[in-house]
Amino acid sequence: MAQTPRRHRLRFDPPTGKKKAKRRGLPMAADQLFLNRRMMVARSALAGGFMVLAGRLGYMQVVDRDHYRNEARSNSQHYVTTRAPRGMIYDRSGRVLSENRTAWEVRVVPDLLPAKGTLARRRVMDTLIAELELPEALVIDHRKCPEQSQPGVYAQVAMLRGRVGDEVQRSVEAITKLAKSNYLVLLEERLTIEQAAQFREAGRTLPGLQVMNILDYELGNAPGSATRVAIKTKVPRDTALRLASNALYLPGVEVDGEVLVRDYPAGPVMAHVLGYVGRISPEEYAERVNPVGTKLYEIEDYLGKAGLESKLEDLLRGEKGGRWVVRDVNGVEIGLVPGTQAIPPKPGQDLKLTIDLELQAAASRALAQGIRYSVEDRKEIGNVQEGETFAKSGAVVALNPKNGQVLALVSYPHYDNQLFVDGISQAKWLEYTDPEQGQPYVNRAIASAQPPGSTLKVFHALTGLHEKKITPETIFTCTGAIRVPWDWNEAQGDIWPCWKKEGGHTNMNVTSAIKESCDIYFYNLGVPRDKPAGASEYLRYYDYNIEAKSNGQMNYFDGLGIKLIHKGLTEQFWFGSATNLDLDGEADGVAPNEAWLRRSNGEDWSAGATINTAIGQGYFQATPLQLAVNTVAIANRGTLYRPTLVREVIGSDDTVAQASTQVLRRLTIDPAHIELVREAMRGVVHDDDGSANHWFNKTTGLNETRWPLTNPPGEEDTILIAGKTGTAEVGNRDEDGSYANQHAWFTCFAPYDDPEIVVTALVEYGGEGSTYAVPVVDQVLRAYFEMTGRRERGLVLREDGQPEADPAVKPELMPVPGSTVNPNQD
Amino acid sequence: MTIGHRWKDFDPYLLITTLILMAFGVVAIWSARGLGPLVPGDLGVRQAVYGMVGLTMMLVIASFDYRFLATGAWVIYLAGLAPLFALMLPSVGTTIAGSERWIDFGPISMQPSEFAKLTTIIALAAFIASRGAAMAELGNFVVSMLIVGVPMAIVFLEPDLGSSLVFGAIWATMMLMTARTRTMYFGGLALMAAPAFVAAWRFVFLDYQKERLLVSYNPALDPMGEGFNIMQARISIGSGGWTGAGLAGGTQSQLELLTVRESDFIFAHASGMFGLIGMLALLATYLIMIWRCLSVIEVARDNFGQCLAAGICGAFFFQAMVNIGMNIGLMPVTGITLPFVSAGSSSVWTFLAAEGVLQSILMHRRRLAFQSG
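Quick mapping for you: the protein sequence lines, in order, are chains A and B. To convert, count from 1 in the first sequence and add 43; that's the working numbering. To convert, count from 1 in the second sequence and add 293; that's the working numbering.
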């Protein structure tokens with residue numbers, strides 16, 4: 044073995060230690076000095092380096108420990124929420140109106156899908172499309188269409204889709220509106236193969252028009268790539284399981300088998316009351332940030348969007364449960380975090396409504412039939428005037444006059460609230476908001492404020508008696524019309540007719556004026572003894588004969604005047620403001636006075652406006668619900684109740700909270716006056732000269748009862764009804780003081796002595812109240828008394844007690860179209 | 294043999310600290326794999342076996358005269374390089390975690406870069422020793438850089454940034470002990486640190502902080518798991534506190550959130566087990582061990598021994614620093630082992646062989662009267 048060369052050994056060997064060199068007192072070799080210096084460097088580096096490490100380690104493990112411990116927790120410990128089942132909704136006898144069904148849902152997380160344009164992504168998408176049978180959709184991508192040509196393109200698209208006339212413009216507006224909040228606007232959700240081909244062809248020349256699968260649309264319209272997009276809910280179980288078992292090959296696809304989907308077994312008859320739930324929108328999610336504790340909502344949650352579902356969201360929602368779980372690196376749940384416990388979800392509270400589904404369904408069918416009857420009958424009779432509108436819509440409200448509970452609240456046409464849960468198409472939505480289709484989405488019972496016509500007379504009569512402007516004995520003479528002279532020309536003037544133009548009602552007291560609905564009486568009651576600004580004389584009128592065009596006696600008005608009318612309607616009764624029902628969208632209606640008119644129109648009040656108000660027309664507006672609420676006060680002799688929809692709130696622990704009865708106001712009107720008006724209202728139905736007593740059937744040549752269902756001829760134990768008809772003239776007034784269109788109203792209570800039910804019906808553009816609203820109410824009352832056992836089941840209600848969900852026509856329940864002699868009776 | 298060995302000069306402190314570190318490593322590895330039964334298949338048990346094999350090897354190497362290495366330096370150097378080159382062939386090599394640095398030999402796979410560290414130290418030491426004062430010449434200086442540069446480049450291309458930096462550190466310490474021109478030394482240092490610049494670029498200029506946040510939010514966004522692991526390592530260390538969570542380790546380890554916790558991130562895992570007190574003890578052990586290694590430089594009888602010791606010290610120190618540094622978030626993740634502690638036969642055998650060389654230097658530092666002429 045070779046030795047290290049000598050010369051090196053001489054230079055480096057021996058490496059004598061410092062001590063030795065010092066001891067010898069010899070100067071250290073240069074090499075030794077060099078080495079010592081370098082060793083110093085090395086040792087400093089070593090010590091310094093380890094000090095830095097130790098320092099950092101100490102900082103992390105001692106000073107910053109809590110921070111890291113928290114991170115350790117957040118890193119491996121996850122809070123998993125458990126959804127709370129939403130509260131159920133039942134009708135007053137326990138029928139299910141709103142429930143939860145477990146369903147399978149397929150969702151996509153765009154971020155986790157394979158990259159765009161790859162084969163892998165295509166494969167995932169194609170699998171979903173095939174498995175879920177996702178249809179092709181017609182979509183407009185407005186970003187691909189230059190702004191100035193958008194209206195043109197939208198119009199062409201509308202025409203391609205078969206829209207004509209006004210529909211085209213409405214469609215353009217709808218698309219423009221939707222384009223503001225969407226990347227892609229969905230026009231048709233389900234295209235047939237032919238349609239797809241046709242629109243694809245059209246898309247070549249119309250920029251932005253695209254045919255794409257609904258899946259591509261959903262992903263393309265998603266707010267962000269990290270947010271889950273629900274592709275399909277209520278997926279059949281086997282399909283869902285097949286997808287779930289192939290999760291490995293379907294990155295980005297989530298299959299959730301525990302989605303609770305809201306179901307509305309009662310069908311569209313309850314839609315306006317119940318409303319619907321829908322997925323929380325990003326805006327709603329941002330608004331409802333949970334202060335502390337468990338989360339209120341997660342991004343894929345449902346919440347109430349309309350009706351009771353929305354109004355009582357806080358009761359129905361319940362509270363999410365949750366648990367802290369430990370997950371390993373693969374996201375597999377290992378178990379609960381030690382020392383913690385799972386918090387079970389608190390189910391939402393169940394609601395028992397005041398509404399009876401059987402009555403609601405019956406009222407719904409009655410209204411549908413009444414509307415159809417009005418259209419058919421008026422067409423049959425002929426005499427259709429120009430500008431005449433036929434009925435499409437209406438409302439029925441039934442209240443319990445003992446406590447204000449709503450027994451039925453029907454708005455027609457209905458909409459299908461289930462569609463909103465499952466996902467409504469653009470087209471359906473447009474249909475639901477289309478005035479041509481009667482705007483099914485609008486809850487007319489609470490949102491349609493219309494002039495109530497003569498039904499208002501009973502309230503005026505009470506105000507007049509209360510304010511001592513009339514007594515029960517006060518007589519006004521009706522000659523069919525009055526002429527209110529112009530101040531500048533006594534011989535001319537405005538002619539205000541009674542509905543009974545020929546001959547008039549002659550002498551009327553308050554009872555007969557209500558029974559026969561004499562307008563002249565109420566003109567007298569309404570207009571005050573007053574000298575308007577600039578006028579030379581007190582307000583006066585001449586008895587007028589329309590046929591002869593002749594004037595009779597001159598009389599001075601000495602009635603209430605708008606101030607007292609307004610006071611009566613708003614301080615005794617409850618008009619002009621919402622009744623505070625548990626539903627959003629209730630209209631206030633209008634109880635006009637001078638201040639209101641100046642505020643809203645900038646006009647000065649006129650005597651004519653008072654005259655109109657006196658017969659429930661002109662500016663005055665009330666909702667069917669308001670009319671019903673005020674009828675309650677007459678029925679129960681003096682108490683206005685707040686209408687309520689919820690009868691009981693049932694907690695998750697089965698505790699039952701009864702909803703309390705809330706009094707809006709008590710009338711201060713003398714009970715004797717109320718009794719007088721009640722008797723008059725009973726006369727409306729039961730006296731021969733009552734406006735809702737009978738009609739002349741020209742087919743049979745006989746007078747027939749208007750109450751063939753509630754009080755069939757020949758049946759004993761007659762149920763006494765008290766009510767008031769109303770025919771509210773709307774639209775433009777003709778020269779002779781008549782109108783082309785009328786809303787048909789009827790409001791009543793029964794039984795007379797101890798009323799159990801108040802029913803108010805409105806057929807919009809229906810015609811005369813006596814002819815077209817009364818049959819609806821007759822059917823509703825019959826249903827109520829069948830339900831309560833005072834009439835035999837089977838005529839209106841089913842014998843098995845099941846509600847009739849389908850408003851199928853039972854023609855025998857309505858008069859035969861064309862048999863009516865149009866009596867122009869109010 | 295012209296010079297005998299004296300077991301009297303064998304450094305027991307070096308051995309004791311090594312044993313402590315290895316024992317620590319075995320326990321940590323056993324814990325990292327979930328404190329399984331002590332059967333031959335257990336990684337901890339295997340590590341203990343590797344350790345014993347390595348210790349035997351260390352003692353054998355210690356008993357041989359290190360100067361024997363100088364004569365065969367070039368052969369050794371090429372023997373170290375050969376497998377590295379072989380790795381570059383497409384048919385050889387196993388890719389683990391995206392890097393081709395292992396050669397599979399049935400039950401165990403070898404990491405040639407580990408052994409190449411030692412062979413390169415030997416070659417460079419022999420070269421420096423043979424040139425002596427002539428090392429001041431630029432030509433020799435460049436050769437010294439080339440000797441280290443070749444394996445370093447190959448390893449860098451594997452890619453294994455950490456190991457290539459170790460080569461740089463080896464050169465730096467060896468030249469620190471011998472180079473006499475500061476300009477050249479720092480110039481060379483700058484060149485050798487080239488891979489470090491790459492690392493620094495990634496560490497500082499890419500927005501790691503942000504990425505870590507993303508990663509901790511959604512681990513799936515970072516399939517390589519690097520950023521995720523940094524986070525987990527830091528959490529594991531930080532939540533260890535003074536005394537740690539005991540043998541089973543912290544939650545990060547138990548939930549397998551911290552990956553490679555038996556090798557590159559064993560420090561983080563051990564921190565979760567033993568806490569600050571345990572880890573300071575570990576650092577102290579390293580300090581003592583490397584301190585003893587540095588002393589070998591002083592007592593080595595010749596230039597070759599000095600250089601060898603310096604290189605080995607450099608490798609130890611650098612690997613310990615960088616590994617712990619990356620665990621505690623002071624340095625970028627480069628994927629190098631913690632000497633004597635991390636799992637793996639290549640690493641522990643290389644370091645034990647290196648220690649054998651050091652012990653040999655100590656044992657052969659005196660000329661023996663009865664043998665020399």
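Even for Gly, the Cβ is constructed at its ideal location relative to N, Cα and C.
(request) Go through its chain and collect everything with a Cβ distance to L645(B)'s Cβ below 7 Å, but skip five positions before and after it. (result) Within the second sequence, the letter at position 352 stands for residue 645(B). Setting aside the 5 residues that flank it on each side, L645(B) is surrounded in the same chain by G347, L348, M350 and M351, each with a C-beta closer than 7 Å to its C-beta; the list follows chain order.
(message) Residues of chain A with CB closer than 8 Å to the CB of W584(B), please, in chain order.
(response) Start at 1 with the first residue of the second sequence, and residue 584(B) comes out as number 291. Result: R86 and L89.
(request) Mark R641(A) as exposed unless 16 or more other C-beta atoms lie within 10 angstroms of its C-beta, in which case mark it buried. (result) Numbered from 1 along the first sequence, position 598 holds the residue referred to as residue 641(A). Counting Cβ neighbours within 10 Å, R641(A) comes out exposed, since fewer than 16 surround it.
(message) For M255(A), report the span of its beta strand (DSSP E) as first-last.
(response) Residue numbering aside, residue 255(A) sits at position 212 when the first sequence is read from its first letter. That run of the beta strand (DSSP E) goes L252 to N256.
(message) Below 8 Å on C-beta distance, what does L576(B) contact in chain A?
(response) The residue labelled residue 576(B) in the question sits at position 283 within the second sequence. Residues of chain A passing the Cβ test: F93, L96, A97 and L100.
(request) State the CB to CB distance for the pair L317(A) and L140(A), rounded to an integer number of angstroms; the pair is presumed to be in contact (CB under 8 Å). (result) Here residue 317(A) is taken as the residue at index 274 of the first sequence, counted from 1. Here residue 140(A) is taken as the residue at index 97 of the first sequence, counted from 1. Right, the Cβ-Cβ distance comes to about 6 Å (below 8 Å), so this counts as a contact.
(message) Assuming contact is defined by CB atoms lying nearer than 9 Å, are A793(A) and Y815(A) in contact in what I supplied?
(response) Stepping through the first sequence from its first residue, residue 793(A) is reached at position 750. Stepping through the first sequence from its first residue, residue 815(A) is reached at position 772. For A793(A) and Y815(A), no; Cβs fall outside 9 Å.
(message) Please tell me whether L78(A) has its Cβ less than 9 Å away from any Cβ of chain B.
(response) Here residue 78(A) corresponds to residue number 35 of the first sequence, with the count starting at 1. L78(A) belongs to the set of residues whose beta carbon lies under 9 Å from a beta carbon in chain B.
(request) Return yes when the Cβ of G455(B) is within less than 9 Å of the Cβ of G255(B), no when it is not. (result) Residue coverage of chain B in this structure runs from 294 to 666, which leaves residue 255(B) outside it and unanswerable.
(request) Could you tell me whether the Cβ of F460(B) comes closer than 9 Å to any Cβ of chain A? (result) For the purposes of this step, residue 460(B) is taken as residue 167 along the second sequence, with counting starting at 1. F460(B) does not count as touching chain A.
(request) Please determine, among L568(A), Y581(A), A665(A) and N655(A), the residue with the shortest C-alpha to C-alpha distance to G613(A). (result) Position 570 of the first sequence, counting from 1, holds the residue named residue 613(A). The displayed chain sequence assigns Thr, not Gly, to residue 613(A). Each of L568(A), Y581(A), A665(A) and N655(A) was checked against the Cα of T613(A), and the nearest Cα belongs to A665(A).
(message) Starting from W464(B), trace the alpha helix (DSSP H) in both directions and tell me its first and last residue.
(response) Working through the second sequence from its first residue, we reach residue 464(B) at position 171. Counting along the chain, W464(B) sits inside the alpha helix (DSSP H) bounded by residues L454 to T471.
(message) Contact defined as beta carbons within less than 8 Å: I believe Y340(A) pairs with G321(A). What is the distance between those atoms, to the nearest angstrom?
(response) Mapped onto the first sequence, residue 340(A) falls at position 297. Mapped onto the first sequence, residue 321(A) falls at position 278. Beta-carbon to beta-carbon, Y340(A) and G321(A) are separated by about 12 Å, too far to satisfy the 8 Å threshold.
(message) Tell me which residues share the same chain as G205(A) and place their Cβ nearer than 8 Å to its Cβ, disregarding the 5 neighbours each side in the sequence.
(response) Taking the first residue of the first sequence as 1, we reach residue 205(A) at position 162. Cβ neighbours of G205(A) beyond the five flanking positions: none.
(message) Suppose contacts are defined by Cβ-Cβ distances below 9 Å. Is I608(A) in contact with N636(A) by that definition?
(response) As a first step, residue 608(A) is located in the first sequence; it is residue number 565 there, counting from the start. As a first step, residue 636(A) is located in the first sequence; it is residue number 593 there, counting from the start. With respect to N636(A), I608(A) sits close: the two C-beta atoms are nearer than 9 Å.
(message) Checking the sheet assignment: what are the DSSP bridge partners for K275(A)?
(response) Taking the first sequence and counting its residues from 1, one reaches residue 275(A) at position 232. DSSP lists V149(A) as partners of K275(A).
(message) Pairs of beta-carbons, one from the region 590-599 of chain B and one from the region 315-335 of chain B, closer than 8 Å: are there three or more?
(response) With a cut-off of 8 Å, the region 315-335 of chain B and the region 590-599 of chain B do not count as touching, because too few Cβ pairs lie within range.
(message) With a threshold of 6 Å on Cβ separation, who are the neighbours of R24(A) within its own chain once the five nearest residues in sequence on each side are excluded?
(response) Any answer about residue 24(A) is impossible in this case: the structure gives chain A only from 44 up to 869.
(request) Give every residue of the same chain whose Cβ lies closer than 8 Å to the Cβ of R585(B), excluding the five residues on either side of it in the sequence, and list them in chain order. (result) In the second sequence, the residue the question calls residue 585(B) occupies position 292. Cβ contact annotation for R585(B) (same chain, cutoff 8 Å, sequence separation greater than five): D304, Y306, L307 and T310, in chain order.
(request) Give the DSSP bridge partners of F408(B), in chain order. (result) Start at 1 with the first residue of the second sequence, and residue 408(B) comes out as number 115. Note: F408(B) sits in no beta bridge, so no partner.
(request) Spell out whether any CB of chain A is found under 9 Å from the CB atom of G455(B). (result) For the purposes of this step, residue 455(B) is taken as residue 162 along the second sequence, with counting starting at 1. Taking 9 Å as the threshold, the shortest C-beta distance from G455(B) to chain A does not fall below it.
(request) In angstroms with no decimal places, state the Cα-to-Cα distance between Y870(A) and T549(A). (result) There is simply no residue 870(A) to check, as chain A begins at 44 and stops at 869 in what is shown.
(message) Any beta carbon of chain A sitting closer than 9 Å to that of E430(B)?
(response) One-based indexing of the second sequence puts residue 430(B) at position 137. Not an interface residue.
(request) Starting from Q238(A), follow the beta strand (DSSP E) in both directions and report where the run begins and ends. (result) Start at 1 with the first residue of the first sequence, and residue 238(A) comes out as number 195. Per DSSP, Q238(A) is not a residue of any beta strand (DSSP E); the alpha helix (DSSP H) it occupies stretches across I236 to G246.
(request) Establish whether the CB of G531(B) and some CB of chain A are separated by less than 9 Å. (result) Sequence index remark: in the second sequence, residue 531(B) carries index 238 (1-based). Answer yes: the Cβ-Cβ gap between G531(B) and chain A drops below 9 Å somewhere.
(request) Give the residues of chain B in contact with M82(A), contact being defined as C-beta atoms less than 7 Å apart. (result) Here residue 82(A) is taken as the residue at index 39 of the first sequence, counted from 1. From the beta-carbon of M82(A), the residues of chain B found nearer than 7 Å are L587, I590 and E591.
(request) Taking 9 Å as the cut-off, decide whether the C-beta atoms of E629(A) and A771(A) are in contact. (result) The count along the first sequence starts at 1 and reaches residue 629(A) at position 586. The count along the first sequence starts at 1 and reaches residue 771(A) at position 728. The Cβ-Cβ distance between E629(A) and A771(A) does not fall below 9 Å.
(request) Could you run through the region 327-357 of chain B and flag, in chain order, every residue whose CB is less than 8 Å away from some CB of chain A? (result) If the cut-off is 8 Å between Cβ atoms, the region 327-357 of chain B has nothing near chain A.
(message) Helix, strand or coil, according to DSSP, for W367(B) in the structure here?
(response) Along the second sequence, one-based indexing puts residue 367(B) at 74. In the structure shown, W367(B) sits in a helix (DSSP, three-state: H, G or I).
(request) Could you tell me whether the Cβ of H185(A) comes closer than 9 Å to any Cβ of chain B? (result) In the first sequence, the residue the question calls residue 185(A) occupies position 142. Not closer than 9 Å to any Cβ of chain B, the Cβ of H185(A) fails to qualify, so no.
(message) Cβ closer than 8 Å: which chain B residues qualify as neighbours of V211(A)?
(response) By 1-based counting over the first sequence, the position of residue 211(A) is 168. Taking a Cβ-Cβ threshold of 8 Å, none of the residues of chain B is close to V211(A); the smallest such distance is about 48 Å.
(request) Look at the alpha carbon of A504(A) and the alpha carbon of V440(A), and state the distance between them as a whole number of angstroms. (result) The count along the first sequence starts at 1 and reaches residue 504(A) at position 461. The count along the first sequence starts at 1 and reaches residue 440(A) at position 397. Here the alpha carbon of A504(A) sits roughly 23 Å from the alpha carbon of V440(A).
(request) Kindly indicate which three-state DSSP category F420(B) falls into: helix, strand or coil? (result) Here residue 420(B) refers to the residue found at position 127 of the second sequence. Shown here, F420(B) sits in a helix according to DSSP, grouped into three states.
(message) Taking the straight line between their C-alpha atoms, what separation do you get for A591(A) and E431(A)?
(response) Numbered from 1 along the first sequence, position 548 holds the residue referred to as residue 591(A). Numbered from 1 along the first sequence, position 388 holds the residue referred to as residue 431(A). In a straight line, the C-alpha of A591(A) is about 28 Å away from that of E431(A).
(request) Report the neighbours of V105(A) on chain B: residues whose CB is nearer than 8 Å to its CB, in chain order. (result) One-based indexing of the first sequence puts residue 105(A) at position 62. Correct list: G534, W535 and L569.
(request) Using only alpha-carbon positions, find the residue among V105(A), N754(A), E176(A) and E352(A) that is nearest to G130(A). (result) Translated into the one-based positions of the first sequence, residue 130(A) becomes position 87. Closest by alpha carbon: E352(A).
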